[in-house]
Amino acid sequence: MRIKVKTYIKTSIVLGILSFFLTLYINSYVSEKSSPYILEHDNMTVSCKTGLLLGTSNYLRSGAPNPYFTNRIDAATKLLKEHDIEFVIVSGDNNTNDYNEPKKMYQALVKQGVNKKNIVLDYAGFRTLDSVIRAKEVFGQDRFIIISQKFHIERAIFIARYHGIEAYGYAAEDVPFEKGYWVKYREVLARVKMMLDLYVLKTSPKFLGKEEKVGEE
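Here's what the structure looks like:
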């Protein structure tokens with residue numbers, strides 16, 4: 000009995016160590032593959048018809064404004080006003096009547112002076128994978144700039160490039176580590192889940208629906 004217990008403990012330790020290093024490798028690999036497609040703020044070498052703004056809540060659980068949200072809005076506004084993109088798809092979760100990421104992003108962009116005609120709402124961006132694939136399959140965009148924080152757009156670019164989309168990234172200002180460490184931890188696990196979605200489960204968006212052309216009334 001003791002031998003079985005020792006064997007179980009040793010096996011668990013070995014598997015735990017292997018899982019740890021595999022997770023580190025996956026995270027490093029995703030960053031390495033995506034980094035070349037992240038655009039420099041002061042040297043925009045790429046312009047696209049469309050940007051894809053990835054959603055998040057506009058408020059934290061504490062009730063304070065969410066800096067991730069605010070910084071993404073600022074980044075998208077800058078790209079639009081400097082004509083690096085003509086349209087922006089605001090893609091996020093809309094699971095309940097009280098939680099509507101696309102609507103909040105739309106309102107924030109309009110408040111910044113963005114023309115309503117240049118904003119396209121995607122109410123079914125339940126996950127990053129959904130937002131990226133829907134930009135192509137529903138909105139007909141196979142070349143666009145993804146807008147979010149750097150750690151997030153690395154994963155989004157990886158998904159896009161896997162699906163044959165010519166995606167680039169524009170990094171919004173990040174949040175100090177001490178205020179966003181939990182988000183960073185979740186991102187580490189999200190990249191592992193992404194690999195399973197792409198290479199094992201072949202996961203599709205939760206909902207596609209009819210095509211909606213960007214820039215057409």
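Using numbering that gives the first Met the number 0, you'd call the opening residue of the sequence shown number 0 and step up by one each time. Beta carbons are placed, not taken as given, at the ideal position from N, Cα and C, and that holds for glycine. Treat the numbers as computed from the prediction; the structure is a model and nothing was measured.
- prompt: With DSSP run on the structure shown, which of helix, strand or coil describes Tyr105?
  reply: Here Tyr105 sits in helix by DSSP.
Where Pro204 sits in the DSSP three-state scheme: coil
query: Would Lys103 be called buried (16 or more neighbouring beta carbons within 10 Å of its own) or exposed?
result: buried
- request: Note down, one range per segment and in chain order, each alpha helix (DSSP H) of at least 4 residues found wholly within the segment 133-177.
  value: 149-161
Closest by C-alpha distance to Glu210, when choosing among Ala170, Leu120, Lys115: Leu120
- request: Work out the CA separation of Val199 and Asn65 for me, nearest whole Å.
  value: 34 Å
field: Proximity of Asp92 and Tyr169 at Cβ, strictly below 9 Å
entry: no
query: Is Ile118 closer than 9 Å to Val137 when the C-beta atoms are compared?
result: no
Where the alpha helix (DSSP H) through Phe68 begins and ends: 66-80
field: Beta-carbon proximity of Leu128 to Val89, cut-off 9 Å
entry: no
- prompt: Going by DSSP, which residues form a beta bridge with Thr49?
  reply: According to DSSP, Thr49 bridges with Phe86, Phe143.
- prompt: What separation, rounded to the nearest whole angstrom, lies between the Cα atoms of Pro101 and Val4?
  reply: 52 Å
query: Rounded to the nearest angstrom, how far is the Cβ of Asp73 from that of Ala171, given a contact under 8 Å?
result: 7 Å
- request: Specify the secondary structure class of Tyr184 as computed by DSSP and reduced to three states.
  value: helix
Nearest neighbour of Asp97, chosen from His162, Arg126, Ser56, Val109 [CA to CA]: The residue with the shortest Cα to Cα distance from Asp97 is Ser56.
query: Taking all protein chains shown into account, do 16 or more other C-beta atoms lie within 10 angstroms of the C-beta of Arg126, making it buried, or fewer, making it exposed?
result: buried
- prompt: Which value, in whole angstroms, describes the spacing of the CA atoms of Lys219 and Pro175?
  reply: Absent from the model: residue 219. The displayed extent of the chain is 0 to 216, so no value can be given.
task: In the DSSP assignment, find the beta strand (DSSP E) that holds Val235 and state where it starts and stops.
output: No answer is possible for residue 235: it lies beyond the span of the chain, which begins at 0 and ends at 216.
task: Please determine, among Gln148, Lys201, Thr49, the residue with the shortest C-alpha to C-alpha distance to Ser34.
output: Gln148
task: Return yes when the Cβ of Ile25 is within less than 9 Å of the Cβ of Arg190, no when it is not.
output: yes
message: So for Asn42, helix, strand or coil by DSSP?
response: strand
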